[in-house]
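Residue numbers (my numbering), protein chains in the order written: chain B, 6 to 355; chain F, 6 to 355. We treat Cβ as the ideally placed atom computed from N, Cα and C, and that holds for glycine. Being a predicted model, the structure only gives us computed values, none of them experimental.
2 protein chains.
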Amino acid sequence: MTQTTIGIIGGGQLGRMLAMAAARLNFRTMILEPQADCPAAQVANRQIVASYTDPSALAELARSCDIITYEFENVPVEAAHKLAEERPVFPPAKALEVAQDRLTEKQFLNGVGIPTADFRAVDNQDGLVAALADFGGQGVLKTRRMGYDGKGQKVFRAGDAADGAFAELGGVPLILESFVPFEREVSVIAARGTDGSIVCFDVAENVHRNGILHTSTVPARITPTTEQAARAAADKLLSGLGYVGVIGIEFFVLPDGSLIANEIAPRVHNSGHWTEAACVVSQFEQHIRAVAGLPLGATERHSDCVMTNLIGNDIADVPAWLSRTNTLVHLYGKTEARPGRKMGHVTELK
Amino acid sequence: MTQTTIGIIGGGQLGRMLAMAAARLNFRTMILEPQADCPAAQVANRQIVASYTDPSALAELARSCDIITYEFENVPVEAAHKLAEERPVFPPAKALEVAQDRLTEKQFLNGVGIPTADFRAVDNQDGLVAALADFGGQGVLKTRRMGYDGKGQKVFRAGDAADGAFAELGGVPLILESFVPFEREVSVIAARGTDGSIVCFDVAENVHRNGILHTSTVPARITPTTEQAARAAADKLLSGLGYVGVIGIEFFVLPDGSLIANEIAPRVHNSGHWTEAACVVSQFEQHIRAVAGLPLGATERHSDCVMTNLIGNDIADVPAWLSRTNTLVHLYGKTEARPGRKMGHVTELK
Numbered sequence: 006m007t008q009t010t011i012g013i014i015g016g017g018q019l020g021r022m023l024a025m026a027a028a029r030l031n032f033r034t035m036i037l038e039p040q041a042d043c044p045a046a047q048v049a050n051r052q053i054v055a056s057y058t059d060p061s062a063l064a065e066l067a068r069s070c071d072i073i074t075y076e077f078e079n080v081p082v083e084a085a086h087k088l089a090e091e092r093p094v095f096p097p098a099k100a101l102e103v104a105q106d107r108l109t110e111k112q113f114l115n116g117v118g119i120p121t122a123d124f125r126a127v128d129n130q131d132g133l134v135a136a137l138a139d140f141g142g143q144g145v146l147k148t149r150r151m152g153y154d155g156k157g158q159k160v161f162r163a164g165d166a167a168d169g170a171f172a173e174l175g176g177v178p179l180i181l182e183s184f185v186p187f188e189r190e191v192s193v194i195a196a197r198g199t200d201g202s203i204v205c206f207d208v209a210e211n212v213h214r215n216g217i218l219h220t221s222t223v224p225a226r227i228t229p230t231t232e233q234a235a236r237a238a239a240d241k242l243l244s245g246l247g248y249v250g251v252i253g254i255e256f257f258v259l260p261d262g263s264l265i266a267n268e269i270a271p272r273v274h275n276s277g278h279w280t281e282a283a284c285v286v287s288q289f290e291q292h293i294r295a296v297a298g299l300p301l302g303a304t305e306r307h308s309d310c311v312m313t314n315l316i317g318n319d320i321a322d323v324p325a326w327l328s329r330t331n332t333l334v335h336l337y338g339k340t341e342a343r344p345g346r347k348m349g350h351v352t353e354l355k
Numbered sequence: 006m007t008q009t010t011i012g013i014i015g016g017g018q019l020g021r022m023l024a025m026a027a028a029r030l031n032f033r034t035m036i037l038e039p040q041a042d043c044p045a046a047q048v049a050n051r052q053i054v055a056s057y058t059d060p061s062a063l064a065e066l067a068r069s070c071d072i073i074t075y076e077f078e079n080v081p082v083e084a085a086h087k088l089a090e091e092r093p094v095f096p097p098a099k100a101l102e103v104a105q106d107r108l109t110e111k112q113f114l115n116g117v118g119i120p121t122a123d124f125r126a127v128d129n130q131d132g133l134v135a136a137l138a139d140f141g142g143q144g145v146l147k148t149r150r151m152g153y154d155g156k157g158q159k160v161f162r163a164g165d166a167a168d169g170a171f172a173e174l175g176g177v178p179l180i181l182e183s184f185v186p187f188e189r190e191v192s193v194i195a196a197r198g199t200d201g202s203i204v205c206f207d208v209a210e211n212v213h214r215n216g217i218l219h220t221s222t223v224p225a226r227i228t229p230t231t232e233q234a235a236r237a238a239a240d241k242l243l244s245g246l247g248y249v250g251v252i253g254i255e256f257f258v259l260p261d262g263s264l265i266a267n268e269i270a271p272r273v274h275n276s277g278h279w280t281e282a283a284c285v286v287s288q289f290e291q292h293i294r295a296v297a298g299l300p301l302g303a304t305e306r307h308s309d310c311v312m313t314n315l316i317g318n319d320i321a322d323v324p325a326w327l328s329r330t331n332t333l334v335h336l337y338g339k340t341e342a343r344p345g346r347k348m349g350h351v352t353e354l355k
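See the structure below:
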């Protein structure tokens, strides 16, 4: 019986949790990550210590692995294409292309019938001024590429000066998104198998702090109609992308209960961490099942719950969390608690 | 923030599950195991490939780890004593001494007020004949040391000849145990912290096949009085041993509901695997919490369940198990499915 090896590009906490889920299903794992002794490598069979674009590292990954996946959406698309010549790479490179550029992402979402905020491409300072005028002087200006956890963003309220803002965000292609008068934020974690089957975990309600996810609560305070709309959007998106694996889709919920897609993450997602505590099959196992061509797992939750991220010095709260009943504590093996750094999470069953 | 390293002696599936539980609590793990690339090492930070008695390997383990524990009860007691001179070793060596010898074990259990089957030490063929005569010609003859999963045992029914039986079991010290007319088998998984606090998971009902655990079902079909008796026995045993860590205690349930202790395992136990699916804190995390001096976790189960072992070729049933709702599949990373070998387990929530 030969074991299948799954290559994982990226060695952070998502890769770590994927590696443990893979191990429980008898897969071996190999992590490609420039930082030695990274969180994922600590629980994986092997690590290639190299950059995500190193040609010989990519060749070694393709040679050593049967299937290749990734834990973050900024994997270079060229690397994914190159690997895909040798081995199955899931999710497909198309998902990376769409998710890496906020403009492409919104255009793709609209193209498959999923509403987003109104938006304008902003390629220079004049374009910014024109776009702001379209939106009554307000909106969120974001870099099209490489933004995450609230980084690379600037908020404009009516009357704010636009002077120098294009340069301030690095002089790179930007997108201005109109404000969405949302009531709450929710997300759905969905999966599509190699056979085209699609399943969704229950919708979570998310609260962000300083642009970083703070809590995910399940169930979300939404109507069955809204829940159904989130699932329907996941169906359209995953089918449209020919997707394989787990995806996270974040939405704004409007006062009338309708949904506006905010962004997608073609990977396991922080707002799905609760599944490890409240479902038999976690999002991590679901992703491994999907990319390995196994049947997708059931998504029913056995308990209501709240997942709370431990960011930076929140790690000091661990002793208190460990003393709480019904609380699963999950830490990431990171030695340095920098501000804004995700150190772990806790999920309290209700 | 320096991470604490936990040394684990033994690299099988129990060490593997301990290592993953340790990782989730930010501990690093180092496995001592002669078989390279063993199940535990695949998910641990490091492995020392050496025998459990290799002096330089033990010295390295003590030097590299902050706390040392083990995943099987046949760790040489001398090794445990030697390590304990350098580092905390939990469970204490006393537990190994008691558990490694069926005679010592029964004497210790009786000494703390826990009933066992009647027994006789058997040191030669004449002793066997005399002991059988005491028990009406029947009973179970077992090696005092190194037996597990039904190995090193011989059953005598009334009228069976004893000729040559002492030699047949290797000419080593034996014990004859009287038959217990039991109605069912149950076990309790208990834990004692460094502060002396003791908690128990719910009692599981166990079914064995060919001397190997086949299923554990929770709840067991026992009365609250019997459940309480199992917990009380765990209290006596753990206090009596000055124990730290998780222990498994197997009992026979008599028709009147009273309990006879069968054997103890000073480690996480196969009949506690269900806890990873039905409790927030698994027996593996509980053991790590205990040996690391963290508060013990709550033991309430959120679901009823049945754990089924996958032995040898049962591994072929995995595709079917993966398609079942509410079933957690957990495999051990073993490449060769030998008869009687534990390859994985599944827990179905009810």
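Any idea if F/Gln233 is buried or exposed, counting beta-carbon neighbours within 10 angstroms, 16 or more meaning buried? Its Cβ having fewer than 16 others within 10 Å, F/Gln233 is exposed.
What does the Cβ neighbour count give for B/Met348, buried or exposed, with the cut at 16 atoms within 10 Å? When all chains shown are included, B/Met348 counts as buried.
Taking 8 angstroms as the cut-off, does the region 144-153 of chain F touch the region 111-120 of chain F (at least 3 CB pairs, one atom from each stretch)? Inter-segment contact for the region 111-120 of chain F and the region 144-153 of chain F is absent: fewer than three beta-carbon pairs are separated by less than 8 angstroms.
Any beta carbon from chain F within less than 8 angstroms of B/Arg226's own beta carbon? Under the Cβ distance rule, B/Arg226 does not count among the residues neighbouring chain F, no pair being separated by less than 8 angstroms.
Could you tell me whether any Cβ in chain B is nearer than 8 angstroms to the Cβ of F/Ser69? No, its Cβ sits nowhere closer than 8 angstroms to a Cβ of chain B.
In whole angstroms, give me the CA-to-CA distance for F/Gly16 and F/Glu341. F/Gly16 and F/Glu341 have their C-alpha atoms roughly 16 angstroms apart.
Quick check on the burial criterion: 16 or more other C-beta atoms within 10 angstroms. Buried or exposed for F/Ala3? Residue 3 of chain F lies beyond the residue range present for chain F, which begins at 6 and ends at 355; the question has no answer from this structure.
Thinking C-beta only, is B/Leu66 closer than 8 angstroms to B/Val273? B/Val273 places its beta carbon 8 angstroms or farther from that of B/Leu66.
Have a look at the DSSP bridge pairing and note the partners of F/Asn314. F/His350.
Length of the line joining the Cα atoms of F/Ala195 and F/Lys355: When rounded, the distance between both Cα atoms is 23 angstroms.
For B/Ala196, write down the residues that DSSP places opposite it in a beta bridge. Here B/Ala196 is bridged, per DSSP, to B/Val204, B/Val251.
Given a limit of 7 angstroms on CB to CB distance, which residues of the region 309-340 of chain B reach chain F? Per Cβ criterion, the list reads Leu327, Ser328, Thr330, Asn331, Thr332, Leu333, Val334, His335, Leu336, Gly338, Thr340.
The region 286-307 of chain B: positions lying closer than 8 angstroms to chain C by Cβ: This model lacks chain C altogether, as its protein chains are B and F.
Buried or exposed: which applies to F/Arg162, given that a residue is buried once 16 or more other Cβ atoms fall within 10 Å of its Cβ? Exposed, by the Cβ-count rule.
Pop quiz: B/Cys205 and B/Thr74 are said to be a contact at Cβ under 8 angstroms. What is the actual Cβ separation, rounded to whole angstroms? Distance from B/Cys205 to B/Thr74 at the Cβ level is roughly 20 angstroms; contact not present, criterion being Cβ atoms closer than 8 angstroms.
Which chain B residues sit within Cβ distance under 7 angstroms of F/Ala40? In the sequence on display, residue 40 of chain F carries Gln and not Ala. Simply none; closest approach about 15 angstroms.
Please give me, in chain order, every unbroken run of the beta strand (DSSP E) with length at least 3 that falls completely inside the region 228-275 of chain F. Fully enclosed beta strand (DSSP E) runs of 3 or longer: 250-258, 264-270.
Taking the alpha-carbon positions, what's the F/Leu63 to F/Ala297 distance? Distance between the alpha carbons of F/Leu63 and F/Ala297: 20 angstroms.
Anyone know if the C-beta pair for B/Ala238 and B/Thr352 falls short of 8 angstroms? With respect to B/Thr352, B/Ala238 sits apart: the two C-beta atoms are not nearer than 8 angstroms.
Quick one: Cα of B/Ser308 to Cα of F/Val286, how far? Distance between the alpha carbons of B/Ser308 and F/Val286: 15 angstroms.
Extent of the continuous alpha helix (DSSP H) run through B/Glu210: Judged by DSSP secondary structure, B/Glu210 falls outside any alpha helix (DSSP H) and instead within the beta strand (DSSP E) spanning 209-214.
Looking only at C-alpha atoms, which of B/Gly12, B/Gly253, B/Glu268, B/Arg51 sits nearest to B/Thr280? Nearest C-alpha to B/Thr280: B/Gly253.
Nearest-angstrom Cα separation, counted from B/Cys70 out to B/Ile53: As the crow flies, the alpha-carbon of B/Ile53 is around 12 angstroms from that of B/Cys70.
Going along the chain, which residues of its own chain have a beta-carbon closer than 7 angstroms to the beta-carbon of F/Gln291, five neighbours each way excluded? So the qualifying residues of the chain are Ala196, Val251, Leu301, Gly302.
Identify which residue in F/Ser192, F/Ser244, F/Asp240 has its Cα closest to the Cα of F/Ile227. Of the listed residues, the one whose Cα sits closest to F/Ile227 is F/Ser192.
Return the first residue and the last residue of the alpha helix (DSSP H) that F/His292 is part of. Per DSSP, the unbroken alpha helix (DSSP H) holding F/His292 starts and ends at 288-296.
Measuring only between beta-carbons, confirm whether B/Ala234 sits less than 8 angstroms from chain F. Closer than 8 angstroms: no.
Beta bridge counterpart(s) of B/Ala126 as assigned by DSSP: Paired residue(s): B/Ile180.
Can you give me the Cβ contacts of B/Arg68 inside the same chain, cut-off strictly under 8 angstroms, excluding the 5 residues immediately before and after it? Taken in chain order, the residues that qualify are Glu91.
Any idea what DSSP makes of F/Arg51, helix, strand or coil? In the three-state reduction of the DSSP assignment, F/Arg51 falls in the strand class, which pools E and B.
Is F/Gly169 helix, strand or coil by DSSP? Reduced to three states, the DSSP call for F/Gly169 is coil.
Tell me which residue opens and which closes the beta strand (DSSP E) that B/Ser66 is part of. For the record, residue 66 of chain B in the displayed sequence is Leu; it is not Ser. Counting along the chain, B/Leu66 sits inside no beta strand (DSSP E); it lies in the alpha helix (DSSP H) bounded by residues 60-69.
8 angstroms Cβ cutoff met for F/Ala55 and F/Pro44: No, the pair does not count as a contact, with Cβ atoms beyond the cut-off.
For B/Gly247, the nearest candidate out of B/Gly201, B/Ser221, B/Ala266 (CA to CA): Closest option to B/Gly247, Cα to Cα, is B/Gly201.
Closest by C-alpha distance to B/Ile293, when choosing among F/Glu173, F/Glu255, F/Val334, F/Ala270: The candidate whose alpha carbon is nearest that of B/Ile293 is F/Val334.
Do three or more CB pairs link the region 117-137 of chain B to the region 164-179 of chain B at distances below 8 angstroms? At 8 angstroms Cβ cutoff, the stretches touch.
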